[in-house]
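Input: a single structure, listed below in structure tokens.
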Amino acid sequence: TMVNTTKVLQQVTDYYLTKEKDNVQSVFTVGGFGFSGQGQNNGLAFISLKPWSERVGEENSVTAIIQRAMIALSSINKA
């Protein structure tokens, strides 16, 4: 349902704004739409990172952030 999708999107937002707060500037989510089409079980998240000058080091690269997020977010049961 859209309620479940919204809850999952909030968990994703919370992850980025807490666990990656030093790297993430903002998070924008869209419920009810995805790359596979429309539906109440679809959602997208767009993550805006802080400038590279504020996240120096390989551990703060896009690749490293994505790897950590994949591990952390894979534990969300309904995602």
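In UniProt numbering, the protein residues as written are 1 to 79. Each residue gets a CB set at the ideal place from its N, CA and C atoms; glycine is no exception. Only a predicted model underlies this, so the values are computations on that prediction, with no experimental measurement involved.
Under DSSP, L49 takes part in a beta bridge, and its partners are V24. Residue environment analysis places T5 among the buried positions, since at least 16 neighbouring C-beta atoms fall within 10 angstroms of its C-beta. Excluding the 5 residues flanking it on each side, Q38 has same chain C-beta neighbours closer than 7 Å at G32, in chain order.
Looking at the DSSP output, Q38 shares a beta bridge with F33.
Counting along the chain, I65 sits inside the alpha helix (DSSP H) bounded by residues 62-73.
Its Cα nearest to that of K19, the residue A64 stands out among N77, A64, K78. For the pair R55 and N77, the CB atoms are not nearer than the 8 Å cut-off. With a 10 Å radius around the Cβ and a threshold of 16 neighbouring Cβ atoms, V3 comes out exposed.
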